[in-house]
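For the sequence shown, my numbering gives the first residue as 753, with consecutive numbering after it.
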Amino acid sequence: MNLLVDLFGYLSILLHALTVTAQSVMLGALLFLLLLARPLAPQLLPGESILRGAARIVRIAALALLLCEGLMIALQTAVLSSTVELPVSNVLQADFALAGMAKMAAALAIAVLVGRRVPDALLLLLGLAELAAATLTTHAQARLDHRLPLLLVEGLHQLGAAIWIGGLPCFLLALSQVRDGVGWRLVGRRYSLMSMAGVACIVLSGLAMSVAYIGSWQGFYGTAYGVMVGAKVAMFLLLLGLGAGNYRLVERLRADPRTPVNRLRRFAEAEFAIGLCIFFAAASLTSAPPAVDLVQDRVSLHEIAQRNMPVWPRLASPEHDALALSRLQKQLDDEAARRAQQPAPAYVPGSGVAPPSSAADIAWSEYNHHWAGVFVLAIGLLALLNGLGWRAARHWPLLFLGLAVFLFIRSDPEAWPLGPIGFFASLRDVEIFQHRVFVLLIVVFGLFEWRVRAGGLAPTRAAWVFPLLTIAGGALLLTHTHTIANVKDQLLIELTHTPLALLGILGGVARWLELRLEPPGSRIVGLVWPISFVLIGLILLNYREA
């Protein structure tokens, strides 16, 4: 139970992200089924197959929502009952639990009824009930003023995301089922109209929530909430670019049904991947107070500019014994030896208290980031040269293994193998746990990509591991937290990590499109993702904590 409490914050963000994803796909697929698949089924050759497929996606997403929401309620109930010693029956009467159970009931009903002969109005009513319950767990429910308008705005925002992003799996299913240009045109045109409605909902509600929750430009760039909203806006603009490309292709289909639709499908795949990352960013927002409520400890533009002023990278590391935690542990060891007692640990993972920090600790962290930047910069440059035809550079993925070993040893000096805290005990600390996950991701996609480049694995689905895990790493980096007591320093670090996450997502999507598109599009995006890694390396080389 103590381990669960230690990891509660991070696990709740991940579960919330999965819940939002399942909800959006369920609602989006349901609207796709009712507004597109059923009306157009008589005009589509495999209309019945598309209907069955859309209903299956609705059912799977509803069951996933049921599972994720159940785990979320169980997690929150277990933590609350163990920390504040409330009976489980009392916790289950809290607003979050009642709203969650309402969502589960609606999802279960949708899973049971979809695909059966029931009125469309009943399915829409159940979807609306689930959406209404979902808004009761947002920031709007906690506001003391303008609660009802904000709840409506939150619902509109989630509805827009469901229509556009949540409907994409069904859209991809329909495109794969339809075999003629007339069908592609009908499906593409109808879904474009639905997507535009979803975009309108997102834009209108997003502007309203920005005014209500951010309030000012300083709240936008000077708070963690504003920074994460900025990340969502950046990914939304990328989505708009992909959507605009698909819209032009749909218009070409109207003029010539023989127009190839491969790009339409591949861009839709990329849209869905970016949409999932937006859901992770949205989940991360739940852990941050709205910017309007954080009037102290905001970061100014001068502080941001000063922190990001280019400096020469730190390529020499302080000694491990010079770190604050090492010195403190030595003092405790010496004191315990004098008293012939068991020495107390200088830092207990998961205690909720940030470990001590000093100038040497800052230098240690900057050294780690700067050498990681050297690795990533070399990876990007060699991948770029390999893409331009230099065959000898095809072994560039092996550098990921060197980076993983370096980070495993150096990223957390208080933990094994350098520090006194054992490997498994260190995983109680959320930041260390996240670092270990990132190292594992680096090893996996580095090995897979090397085997693909150097031979040994079929260059088909094995090649998908690298872009998919790169996108996953970017999404997880959006949820990454730092145990730093100073709010301003923590935010200034996040201002560096957020562009890294966005570039990672861009790089992963570009590599995916390189694999899935045909020339010349594949050659163009084949240059984008190495450049993304080069930019990541340069940002890491300029990383500073003071």
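No residue lacks a Cβ here, since even glycine has one placed at the ideal position from N, Cα and C. Remember, predicted model here, so these are calculated numbers, not experimental data.
Quick one: does residue i have its CB under 7 Å from some CB of chain C?
i: R1188; result: The structure shown has no chain C; it contains just one protein chain.
I need the straight-line Cα distance from residue i to residue j, nearest angstrom please.
i: H768; j: E821; result: 8 Å
i: L1037; j: G978; result: 9 Å
i: L1080; j: A1034; result: 39 Å
i: M948; j: W916; result: 8 Å
i: G1161; j: L938; result: Rather than Gly, the amino acid found at residue 1161 in this sequence is Ile. Rounded to the nearest angstrom, the two C-alpha atoms are 56 Å apart.
i: H1301; j: Y1119; result: No answer is possible for residue 1301: it lies beyond the span of the chain, which begins at 753 and ends at 1298.
i: Q970; j: K1240; result: 13 Å
i: I1194; j: T1222; result: 8 Å
i: Q845; j: A881; result: 19 Å
i: S957; j: E906; result: 7 Å
i: L959; j: W1281; result: 31 Å
i: P1271; j: H891; result: 46 Å
i: R895; j: L1265; result: 42 Å
i: A1112; j: H1122; result: 15 Å
i: V1126; j: I1114; result: 18 Å
i: A926; j: G935; result: 9 Å
i: L1155; j: F1218; result: 15 Å
i: L876; j: P791; result: 15 Å
i: F1024; j: V777; result: 10 Å
i: I966; j: L903; result: 16 Å
i: S1117; j: E1297; result: 8 Å
i: S1109; j: R1050; result: 22 Å
i: A1076; j: L1053; result: 30 Å
i: V955; j: V1189; result: 34 Å
i: V1196; j: L1290; result: 24 Å
i: G1207; j: L1159; result: 27 Å
i: L994; j: A1224; result: 19 Å
i: A1092; j: A1106; result: 28 Å
i: K1082; j: T1248; result: 33 Å
Ends of the alpha helix (DSSP H) at residue i?
i: Q775; result: F760 to F784
i: L945; result: G933 to Y965
i: G1154; result: L1150 to R1162
i: V1128; result: A1111 to G1139
i: W1281; result: G1273 to L1293
i: Q1081; result: A1076 to R1091
i: S968; result: From DSSP, S968 is part of no alpha helix (DSSP H); its letter is neither H nor E.
i: V810; result: G799 to T835
i: Q893; result: H891 to A894
i: V864; result: D847 to L865
i: E906; result: R899 to A913
i: P921; result: L920 to Q929
i: E882; result: D872 to T887
i: V1100; result: Element bounds for V1100: n/a, residue is neither H nor E.
i: V1105; result: Counting along the chain, V1105 falls outside any alpha helix (DSSP H), and DSSP gives it neither H nor E.
Quick one: what's got a C-beta closer than 6 Å to residue i's C-beta in the same chain, skipping five residues either side?
i: A1145; result: L1134, L1137 and N1138
i: T1250; result: V979 and A983
i: R811; result: A863 and V866
i: C953; result: L908, L911 and G912
i: F1152; result: I1194 and G1198
i: A789; result: I802, L803 and A806
i: I1131; result: W1148, L1151 and F1285
i: N998; result: L1016 and F1019
i: S944; result: Y999 and V1002
i: F784; result: A806, G919 and C922
i: A1074; result: A1112
i: A793; result: G799 and L803
i: A1253; result: G1226, L1229 and L1230
i: F1175; result: W1168
In its own chain, which residues sit with a C-beta less than 7 Å from the C-beta of residue i, not counting the 5 before and 5 after it?
i: L1028; result: T773 and A1227
i: G940; result: V1002, L1005 and L1016
i: G1259; result: T1222, W1281, S1284 and F1285
i: L1084; result: P1095, A1096 and A1098
i: A976; result: A1040, L1243 and E1246
i: S1178; result: P1101, D1164, A1167, W1168 and I1184
i: R1010; result: G933
Which residues does DSSP list as the beta-bridge partners of residue i?
i: I1173; result: A1167
Sorted by chain position, which residues of the same chain lie with C-beta nearer than 8 Å to residue i's C-beta, five sequence neighbours on each side aside?
i: L827; result: L756, F760, L763, S764 and L767
i: K855; result: Q775, L817, E821, E882, A885 and A886
i: A861; result: L878
i: M824; result: S764, L767, H768, T771 and G852
For a minimum of 3 consecutive residues, which ranges assigned as the beta strand (DSSP E) are wholly contained in the region 1002-1074?
The region 1002-1074 contains no complete beta strand (DSSP E) run of 3 or more residues.
Counting only runs of 4+ residues fully inside the region 1178-1256, write out the alpha helix (DSSP H) ranges in chain order.
At a cut-off of 4 residues, the continuous stretches assigned as alpha helix (DSSP H) that sit fully inside the region 1178-1256 are 1182-1206 and 1217-1230.
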